[in-house]
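Residue numbers (our numbering), protein chains in the order written: chain R, 451 to 710; chain G, -5 to 208.
In structure tokens form, the structure reads like this:
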């Protein structure tokens, strides 16, 4: 096994250990304390608005598949979809989902069907939304616009893998005066979201939906574990800068090159 | 036929396959099994595209039948889909049975219909991006929005390439912004995304997140 492989396993084991550790030490608490993220607060508010007004939320899951670097963003979107359906079970109109990837479309329909069955929402069992809107960036964006413009849709949540086409979706939401919560893993699209969405999700906030929407203690523990790992990375970066300052600059490079 | 895997079985399969694929990245002896799973995944993804298209057709047929206000778009979509499918099938027959030039009509459709539409949409996107950057201060009047606005402005001014309008100082500032704070910020965001990706993966491997209806 190479040094890089060994480092990878250490990171995974450390992550799992931290998640288990935080789950155990907070087992008597109802919630593990995590910093508030305004965008998730907004989603909860919008679910309540939809319940009162008889409207529905639109969740677009982007174009990411499940094989490749974009998969985590899509899977995080599916997790959020599940939580939103559970939370809006007393809505007259359950959330509507849209995707730009066939695999994600199947998973979204499966998620809607299984979650709706668990909470006994009949409409979604017959015709679950989550259809494939389009497979190219612009066909997906153009197809999603009709859902955003639907009068029944009171807020739009875009979480998944989006490119520059996200600007179409966020500005369409703005024109409809409906709140837009958006997050993606692509850096240029993140800048667009920051400029155009009313409630942007920046960086790793995209993956934290479950923890903020009540998916369970393991989700919250994983956020705490993520924070610890972030501090470890910060210390490693500062440490390597110091080592560089003292002329010992090959230590980390040798580890990364696999020649420890 | 309705094949229904019970939650524990589908969860166990997902976790098992996930662990083997993950191990394949670190342990060389498991790498070949990882490739088998990934190849199978690719084939399934291609099949999923067919399922997705069938689903898309059924959704739009339902919209047409239900008198939806957007049913005109559904009709256009169905006609376009059927015409493109017909063109593709005709091309396949001509190419493989009669040995004529490769996919001539399909290429024509892409070059003369798909590409101009996507290019014009890209042009509209550029205008929308400038509008979004300019209107950020109207949406959010905080320190981050102000910094964002002025950085965008500096980068745009520093990128002007027409000789009378070029200002060397602005070009220098632009290069510094791109090399130091923008690169540092991008790396920070990427580290955050990497941590989020690992967390999501571990939650799925632990069975806490089950995005497969299990």
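Ideal Cβ placement from N, Cα and C applies to all residues, glycine included.
Here the structure is a predicted model, which means the values were calculated and not measured.
Look at residue 31/G: its C-beta is not under 7 Å from any C-beta on chain R. Proximity to residue 466/R across 195/G, 206/G and 183/G peaks at 195/G, based on C-alpha coordinates. Shortest Cα-Cα distance from residue 600/R to any of 521/R, 526/R, 590/R and 626/R involves 626/R. Given a length threshold of 3 residues, the segment 42 to 111 of chain G has no whole run of the beta strand (DSSP E) inside it. Under the criterion of beta carbons closer than 8 Å, residue 505/R and residue 603/R qualify as touching, at roughly 7 Å. Chain G has a Cβ within less than 7 Å of the Cβ of residue 522/R. Restricted to the segment 124 to 159 of chain G, the alpha helix (DSSP H) segments that are unbroken, complete and at least 4 residues in length are 130 to 133 and 137 to 152, listed in chain order.
Residue 646/R and residue 637/R have their C-alpha atoms roughly 14 Å apart. Here the alpha carbon of residue 612/R sits roughly 37 Å from the alpha carbon of residue 90/G. Around the beta carbon of residue 117/G, fewer than 16 other beta carbons sit within 10 angstroms, so the residue counts as exposed. For residue 638/R, the enclosing alpha helix (DSSP H) stretches over residues 637 to 646. Residue-level contact by beta carbon holds for residue 205/G and chain R, with a gap shorter than 7 Å. Contacts with chain G at 7 Å (Cβ-Cβ) include residue 676/R. The segment 542 to 557 of chain R makes contact with the segment 39 to 50 of chain G: 3 or more CB pairs, one atom from each, lie closer than 8 Å. Counting along the chain, the unbroken beta strand (DSSP E) around residue 510/R starts and ends at 506 to 512. Look at residue 543/R here: in three-state DSSP terms it is coil, with no helix or strand label. Our two residues, residue 142/G and residue 490/R, have alpha carbons roughly 23 Å apart in a direct line. Look at residue 607/R: its C-beta is not under 7 Å from any C-beta on chain G.
For residue 658/R, the closest of 595/R, 648/R and 672/R by C-alpha to C-alpha distance is 672/R. Residues of the same chain with a CB within less than 7 Å of the CB of residue 54/G, apart from the 5 flanking positions on each side, are 68, 71 and 72 in chain order. Classified as buried, residue 679/R has 16 or more neighbouring CB atoms from the shown chains inside 10 Å of its CB.
Interface residue (Cβ-Cβ distance to chain R less than 7 Å): residue 64/G is classified as such.
Bounds of the beta strand (DSSP E) holding residue 631/R are 630 to 634. Distance from the Cα of residue 16/G is smallest, within the candidate group 668/R, 468/R and 458/R, for 458/R. Chain G has no Cβ within less than 7 Å of the Cβ of residue 694/R.
In the three-state reduction of the DSSP assignment, residue 169/G falls in the helix class. When Cβ-Cβ separations below 7 Å define contact, residue 601/R makes no contact with chain G.
At least one CB of chain G lies nearer than 7 Å to the CB of residue 553/R.
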